[in-house]
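Numbering (the working numbering), first residue to last: 797 to 1303.
Encoded structure:
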């Protein structure tokens, strides 16, 4: 008897069929096929269950066949044995992640898999998470941990926010004072000063290499021309003096934080006060040097140049700056990415815009996003009132901010990417879930904000909406499937927030 029941898998697959019976996991079950995938699966099963499968020609077959699915797609069959076939190496990796999600204990404590057949491939080719390492600095090992956990949910991009008013987080040989003078502080969760940090070039290469081993592309961001107070600490000739604005003054008074001062490290949460010197040619020497070094260390196609909240820059200077800097990125052979405000300028053709407005966009923000498409680019969706992982999940939650409202699991899940902006679906590159770290003091804080809502964004980015004739993303089954992620997350040491919206499973 074949039962077409939803499997406990996130993101939801394109097609799945559950059959009667279980395939037990024993040490006699072998794993064979692609060497890297074989090692990854054996290690993951052993870490989870204490049972280490043999590496031999029985049991679980792992292979690549480009004919079976679209890029990053896979098929998975669990019967008397297991076969995972990826359309490419990434697809094989994602098939393994699904196989690991399906590995469960029964009521007697025995491990095994429900017999099933799955066919799957992603909806969007850009599925991202952003980690703000500026306001809170994460070590290399912590970033690697975030990469592993995001890849398990089939995210394939990690956007690293490497510079902001509060600090500069990557050593640049051509401008060495940045790591010496601009990376020594960061803000803790209560807005006070804490020790900072900076990635060496070897650190950054190690992050890039680890990400590649998990089929994750690193997207580095140097935020400009605003959010640049830290640059002025090392090279004051490049930065204007802070320009106060009403929002900044209100936040400083409400939070009891110091206002920004030229030459003094800034650990507050206010924005919009800083700007590079737009008409100074030395500024563009700096930008070209920094982006050249970053491009040389970044094998992925993207360099993010920021462009948000540049309230200290006149509209004319902002337009001049964005056009010139996106052009520099293009000359370096990379694709520029910029926050949606940059759409007010003539961005270089092919520039990708990142929309961080609300689910109901203002006409101005919608026009900015559309400008990227008019110039031959696409748009990444990061609506703050649904995809921002740092927005509070409940009003009384001790971490996070509430300027975009409250984002619970259902709010994070119940929106359709193609319906936000008046753009053709093919103009949407994908979805990214940013984690800004004003209130984060450690990796545990980050996990409390990320999980479980990150699973909702993962499904939106991967799964097509269900229809009467096809499986896919379905809010009716999502809560149940999400609850069954709990034992996997606990086994991986993820300190998720057990929101009462969800009934959490023990096995």
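C-beta atoms are modelled at their ideal positions from N, C-alpha and C, and glycine is treated no differently.
Keep in mind it's a predicted model, so treat the numbers as computed, not measured.
Contact check, residue i vs residue j, beta carbons under 9 Å
{"i": "residue 1015", "j": "residue 911", "result": "no"}
{"i": "residue 1099", "j": "residue 1057", "result": "no"}
{"i": "residue 854", "j": "residue 825", "result": "yes"}
{"i": "residue 935", "j": "residue 993", "result": "yes"}
{"i": "residue 1148", "j": "residue 1219", "result": "no"}
{"i": "residue 997", "j": "residue 1089", "result": "yes"}
{"i": "residue 1301", "j": "residue 1287", "result": "no"}
{"i": "residue 947", "j": "residue 915", "result": "no"}
{"i": "residue 1084", "j": "residue 1116", "result": "no"}
{"i": "residue 1185", "j": "residue 1250", "result": "yes"}
{"i": "residue 839", "j": "residue 885", "result": "no"}
{"i": "residue 1026", "j": "residue 979", "result": "yes"}
{"i": "residue 899", "j": "residue 806", "result": "no"}
{"i": "residue 958", "j": "residue 1018", "result": "yes"}
{"i": "residue 868", "j": "residue 883", "result": "yes"}
{"i": "residue 1197", "j": "residue 1152", "result": "no"}
{"i": "residue 1095", "j": "residue 1008", "result": "yes"}
Of the residues the options, the one placed nearest residue i, counting alpha carbons only
{"i": "residue 1170", "options": "1085, 1157 and 1142", "result": "1142"}
{"i": "residue 1110", "options": "1124, 1022, 1078 and 1181", "result": "1022"}
{"i": "residue 858", "options": "1227, 957, 1242 and 879", "result": "879"}
{"i": "residue 1305", "options": "939, 1132, 925 and 1126", "result": "What the structure shows of the chain is the stretch from 797 to 1303, and residue 1305 is not part of that stretch, so it cannot be assessed."}
{"i": "residue 943", "options": "1300, 1264, 1246 and 1188", "result": "1246"}
{"i": "residue 808", "options": "1164, 1097, 1273 and 1152", "result": "1273"}
{"i": "residue 1082", "options": "1064, 1035, 1044 and 1105", "result": "1035"}
{"i": "residue 960", "options": "1084, 1229, 1062 and 852", "result": "1062"}
{"i": "residue 1154", "options": "977, 1217, 1094 and 1192", "result": "1217"}
{"i": "residue 991", "options": "886, 965, 1275 and 1259", "result": "965"}
{"i": "residue 1092", "options": "1127, 1181 and 931", "result": "1127"}
{"i": "residue 1145", "options": "1168, 981 and 1162", "result": "1168"}
{"i": "residue 1125", "options": "1137, 1080 and 1267", "result": "1080"}
{"i": "residue 1265", "options": "1105, 877 and 811", "result": "811"}
{"i": "residue 1037", "options": "1050, 1073, 1006 and 1007", "result": "1073"}
{"i": "residue 1254", "options": "890, 837, 870 and 876", "result": "890"}
{"i": "residue 1051", "options": "804, 1277 and 1235", "result": "1235"}
{"i": "residue 981", "options": "899, 817, 1010 and 931", "result": "931"}
{"i": "residue 1113", "options": "1096, 1078, 1136 and 1071", "result": "1071"}
{"i": "residue 877", "options": "897, 933, 843 and 817", "result": "817"}
{"i": "residue 832", "options": "870, 843 and 888", "result": "888"}
{"i": "residue 1242", "options": "1024, 1046, 1187 and 1059", "result": "1187"}
Neighbourhood of residue i by C-beta distance below 6 Å, restricted to the same chain and skipping five residues each side
{"i": "residue 823", "result": "847"}
{"i": "residue 1039", "result": "1069 and 1108"}
{"i": "residue 874", "result": "819, 909, 911 and 912"}
{"i": "residue 1201", "result": "1181"}
{"i": "residue 1257", "result": "920, 923, 1226 and 1227"}
{"i": "residue 940", "result": "1006"}
{"i": "residue 1183", "result": "1229 and 1253"}
{"i": "residue 804", "result": "1277 and 1280"}
{"i": "residue 1105", "result": "1022, 1067 and 1068"}
Inter-residue CB distance, residue i and residue j (contact presumed, cutoff 8 Å)
{"i": "residue 929", "j": "residue 956", "result": "6 Å"}
{"i": "residue 968", "j": "residue 860", "result": "About 38 Å separates the two Cβ atoms, so there is no contact after all."}
{"i": "residue 1295", "j": "residue 1248", "result": "7 Å"}
{"i": "residue 1293", "j": "residue 1189", "result": "7 Å"}
{"i": "residue 1020", "j": "residue 892", "result": "Contact flag wrong, Cβ pair sits at about 39 Å."}
{"i": "residue 1260", "j": "residue 1269", "result": "7 Å"}
{"i": "residue 896", "j": "residue 872", "result": "Actually they do not touch by this definition, with Cβ atoms about 11 Å apart."}
Own chain residues within Cβ distance below 8 Å of residue i, not counting five before or after
{"i": "residue 801", "result": "The predicted position of residue 801 is uncertain, since its pLDDT is 46 and thus under 50; a value taken from the coordinates is nonetheless stated next. Answer for residue 801: 814, listed in chain order."}
{"i": "residue 1048", "result": "1054, 1055, 1064 and 1066"}
{"i": "residue 1225", "result": "920, 921, 922, 1148, 1174, 1175 and 1176"}
{"i": "residue 828", "result": "834, 851, 852, 853, 854, 855, 856, 857 and 858"}
{"i": "residue 1012", "result": "943, 946, 947, 951, 952, 953 and 954"}
{"i": "residue 1031", "result": "971, 973, 974 and 1082"}
{"i": "residue 1211", "result": "1155, 1179, 1182 and 1256"}
{"i": "residue 1160", "result": "none"}
{"i": "residue 1097", "result": "1013, 1130 and 1131"}
Same chain, Cβ closer than 7 Å to residue i, five either side skipped, listed in chain order
{"i": "residue 798", "result": "Any reading at residue 798 must be qualified, since the residue scores a pLDDT of 36, below 50, and its modelled position is unreliable; no value is offered."}
{"i": "residue 901", "result": "907 and 1303"}
{"i": "residue 1206", "result": "1297"}
{"i": "residue 1285", "result": "1247 and 1292"}
{"i": "residue 1122", "result": "1101, 1132, 1134, 1143, 1144 and 1147"}
{"i": "residue 1000", "result": "966 and 1093"}
Beta carbon proximity, residue i to chain C, threshold 9 Å
{"i": "residue 1036", "result": "Looking for chain C here will not work: only one protein chain is present."}
Which runs of the alpha helix (DSSP H) spanning at least 4 residues fall entirely within the region 988-1012, listed in chain order?
997-1009
Can you list the alpha helix (DSSP H) stretches of 4 or more residues lying completely in the region 1200-1268, in chain order?
1205-1209, 1239-1246 and 1249-1258
Along the chain, which unbroken stretches of the beta strand (DSSP E) at least 3 residues long are found entirely within the region 1081-1149?
1098-1102 and 1131-1135
Considering only residues of the region 908-967, which uninterrupted alpha helix (DSSP H) runs meet the minimum length of 4 residues and lie entirely inside it, listed in chain order?
936-948
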